[in-house]
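Protein chains in written order, with our numbering: chain E, 399 to 1477; chain W, 43 to 182.
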């Protein structure tokens, strides 16, 4: 090691190191254009001039090719040095006055213009730094380009000025050129294909070493072996020279690992439909036709356009955008006869977000049926129209044409009056559907699971996590296209199934770590240890770490302050432990990266050293400082010192936080004995836990008792019988029929409920609750229901079909009306099952009585997923006629002399049609039961329609916000039997995450109340979103339930007396931070 | 005279805006070093006192950063913050102080650019506003 002095600062360098490398590593800003770590120094741009004093001889010299051999003194910031650098820049500017890059660099150096005579007739912006030549020769070992001519005539050239035959078209020369004046195309003679970024859906390109996407876990770069020049040609290895941690291993190989497992879950996902190039939509030919995935990336704040919508052709902001639905869905021509289920909603979402980003933009969606069948989806669809002005047009578009000059796109469509109209757009988005993922075929073969006719993984019709092979389960869109809530639900369900066989060995492979006893620090003054991390050059490259350490040493209570190269490395952590002992430290403050990733690691170290983990604080001087303030090293250092002051001020106020443990009662209460409740009970019991299943009726079954027909051959009644049998015979399930929940108290892990039936009241204890209370069928009052025996509900028809009633075969004409009691003002939601039920009944009717005419009057046909093919397409093939009506103009039903008349406006004919059906069948919806009492007992919320509200629609679809209570079945929202079963199992799976624990532990940053200061105002009780604060009526103070508290701190913010506080974020701690940062 | 560089105190929620600020870092999106961030678990835990204290101690601007409406990790803390900010602004106005110094922004964990843009915007706007008059000490 050699000590050198740079601008008065002492730094260390290896013998033989290049001066510029050392300066850059230490954070000195020295300009340079021709230097690159992967090639030999060349000193051609001559910008990196510094003043070097070596053995009393002082000279201004280029630093990039200066090898450090002995102790020297360097000056980088003097006026002389800067003047010399600027002069060189002026000379470069004289050569290339038009280079945008050079001008920007000059401006950064404080050079406004050159005083020299500039060349004007030059074609090239080449500064002759030779970086391209050197990279091609030294790094790529090719040498396709070189210098030609001499003196003022020098230039970069190809041999004989012909296209190079040896060029690998790797693009390295183009990549390194500081003035962007060389193009690979002109060297190899063709346009090389860029590597499209998969994450940005091809909108941007990426390198052959890259981080797949910003939130990747682990957030490490990977090498694309198919594209990396090292693997292709044995050259390059440039990344290795840049990685200071020596983390690039070219000889890493794929490994085959052998694991013994009890069950397998498949979640391979889906692929999006690949719109074929040059089809009638002109995808990839017309630049402004995008797929929805590409558009989604464009809309994303972290996407290539940072959330701004721009046309690919000219970067202009589009004023009018169209979405075309069902691209690669519901389409025989591409073999996708199914519906992709998610595209309607994502198109509406994209249109709405576009409107939010860019008010004034026109957004039109062309669709066939709006399939907003999910919970609260219809409201979103209506909001798009009413609040945002999204225009919905019901028409499938066959073709897009492009205006050659403007690159605008033309669409022909049929309007409401059946007139063909033409409309121009600046941009068109293709709402591409979902298809089986590529890997499915191989995976299916390896695991011997069958695929269905659509190429997705085949599942049992009612148990959609079960594959054709026992022990192999599946979740997500690999089974059928589905959205996030459904996928998450199915994933939890698959987890429950997979655990079933292996529940008796749960936790046997876990070894618990032992920690030394925590040191009692209650009588000690704060003794703070401060560590400032370099993070290699990530922090030290910008921030003067030494200065920060010096500042830290002066702060109150700081007993030890030091820097560290990588604080998270194993030796640094060991060092922290030894310093805790050596200096008797009782608090540690680390200034490094983000606590979001590293806090737990350091807390662990404290525990290992016998300190309470909450005696630790951390400030972020990398992600929120050195990385984002590269251009202000001095102010960044000042900021780091401020942050350290704040961290130390908080550390001085830190108190140990004790996590206490609460035992868990390993049994569950399932409320509701329908198909959802029973399956949930079975799922929990199969995982080895006791279940109390209560049902208010005198027998199990619920709604499914009235369902007789499945889509295929499956029989709901057989399912019911089997399920009841399993439940009744399960040793872990106690069935309580004719029983209601009378009262419930307690919290997660320890509930106490009293159950009441006609004879007695009984108290049980349990750790979790599953709500499966179901819903009920809508009882119609409209369409003259009840006034004629021939006006019946779909359920009645279904029962009669199942019984093969005689009248069925005598029917001549049947009319069905959809959306009865759904999607109206009273029930503003879709009941999800009615379209499929009606069509299924129509098909069964046609089977028994092929001569019958069936007319289905509908608003949107919502046969999503495979139902599209199995039901809707099948029905149309068999001649069932579908007539659409508008909400504003419902069919009119009258009865005269016992004869039913149905009038409906047929939009294609533009005329009213009159039917006299033998039977009028009403497709009635699903309405919630009165959930108010139970919701109050459990302290869980209901939505406007009185269905229960889950904790998070997408991420926690079967949880309540209150810990330990779960939700499934129709109480959540309308759904099919198989969907209820998935939810039921998911709730069982989520319940088991609590039941499988030995004990529950409180979080670190929970709220606490100092009882003597509490005035009993109960403001905190009102703001707590988790019902975690109770009012003690006797003592007139509030009490925090440590287990339920999630640590949001809302109570501490509202408490007028400062009684309610949050651990690790107390008012004293926060205010001390504010104080020191402003003084 | 040196150009006025505003001092900004930021109260950022752990789950969204703090993570967004981290992403600005991982994406190396540059912004001026005027902000000092205090990490809290939720924007809903920002006590009015924190904001008043920062203003009275001389902060030229205060940023409260939370999750987008509907995205709060703790269900609805950001709505609580929003209501509180309205009150604090009212109080400041009543006291004859500048409520423009208080900023509330929804920045998600994926919006590094938005975080950087927000800090830049606050710095620019606060420069127009000039230093917080409360920060000027009596010069006797």
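Idealized CB from N, CA, C, for every residue including glycine. Just so you know, these numbers come straight off a predicted model, no measurement behind them.
Listed in chain order, the non-local C-beta contacts of residue 65 (chain W) below 6 Å within the same chain comprise 154, local neighbours out to five positions each way being set aside. In its chain, beyond the 5 residues on either side, 669 have a beta carbon closer than 7 Å to the beta carbon of residue 836 (chain E).
Residue 111 (chain W) counts as exposed, since fewer than 16 other C-beta atoms from the protein chains shown sit within 10 angstroms of its C-beta. Assignment of beta-bridge partners to residue 810 (chain E) by DSSP yields E:820.
For residue 1341 (chain E), not one C-beta of chain W is nearer than 9 Å to its own C-beta.
One Cα belongs to residue 1024 (chain E), the other to residue 58 (chain W), and the distance between them is close to 21 Å. Contact annotation: in the region 98-126 of chain W, residues whose CB is within less than 8 Å of a CB in chain E are 99, 100, 101, 115, 116, 117, 118, 119, 122, 126. Scanning the region 1027-1066 of chain E for uninterrupted beta strand (DSSP E) segments of 3 residues or longer gives 1059-1061, listed from N- to C-terminal end. Of the residues assessed, residue 1202 (chain E) falls on the exposed side of the cut-off, its CB having fewer than 16 other CB atoms within 10 angstroms. For residue 849 (chain E), DSSP records a beta bridge to E:855. Pairwise C-beta distances place the region 1306-1320 of chain E out of contact with the region 1334-1347 of chain E, as fewer than three of them are shorter than 8 Å. What residue 71 (chain W) touches in chain E, judged by beta-carbon distance under 8 Å, is 1026, going in chain order.
Using a Cβ distance threshold of 9 Å, residue 126 (chain W) and residue 150 (chain W) do not count as a contacting pair.
The alpha-carbon separation between residue 852 (chain E) and residue 730 (chain E) amounts to approximately 12 Å. In the pairwise beta carbon analysis, the region 592-601 of chain E is classified as touching the region 692-708 of chain E: at least three pairs are separated by under 8 Å. Excluding its 5 nearest sequence neighbours in each direction, residue 576 (chain E) has C-beta neighbours in its own chain below 6 Å: 431, listed in chain order. The three-state reading of DSSP puts residue 755 (chain E) in helix, counting H, G and I together. Residue 797 (chain E) sits in coil when the DSSP states are folded into three classes, being neither helix nor strand. Here DSSP, grouped into helix, strand and coil, assigns residue 1242 (chain E) to helix.
Just measuring C-alpha positions, the residue of E:425, E:677, E:1070, E:704 sitting nearest residue 159 (chain W) is E:704. Residue 1472 (chain E) and residue 100 (chain W) have their C-alpha atoms some 10 Å from each other. By a beta-carbon distance limit of 8 Å, residue 1068 (chain E) does not contact residue 956 (chain E). Their separation comes to about 56 Å. Distances from the alpha-carbon of residue 1224 (chain E) to those of E:1395, E:1285, E:689 put E:1285 closest. For the pair residue 1249 (chain E) and residue 1242 (chain E), the Cα-to-Cα distance works out to about 12 Å.
Judged by DSSP in its simplified three-state form, residue 1015 (chain E) adopts strand. Here the alpha carbons of residue 1195 (chain E) and residue 1322 (chain E) stand approximately 12 Å from one another. Taking a Cβ-Cβ cut-off of 7 Å, the neighbours of residue 67 (chain W) in chain E comprise 1020, 1021, 1022, 1025, 1026, given in sequence order. Your pair residue 1361 (chain E) and residue 1388 (chain E) does not check out as a contact, with CB atoms roughly 11 Å apart and the cut at 8 Å.
Per the C-alpha coordinates, the member of E:572, E:928, E:995, E:568 positioned closest to residue 615 (chain E) is E:995. Neighbourhood of residue 82 (chain W) in chain E, by CB distance below 8 Å: 1447, 1463, 1468, in chain order. What residue 992 (chain E) touches in chain W, judged by beta-carbon distance under 7 Å, is 64, going in chain order.
Contacts with chain W at 9 Å (Cβ-Cβ) do not include residue 1442 (chain E). Under the DSSP definition of a beta bridge, residue 721 (chain E) partners with E:763, E:827. Scanning E:972, E:682, E:467 for the CA closest to the CA of residue 800 (chain E) turns up E:682. Here residue 627 (chain E) is buried, its C-beta having at least 16 other C-beta atoms within 10 Å.
Residue 555 (chain E) has E:544 as its beta-bridge partners, per DSSP.
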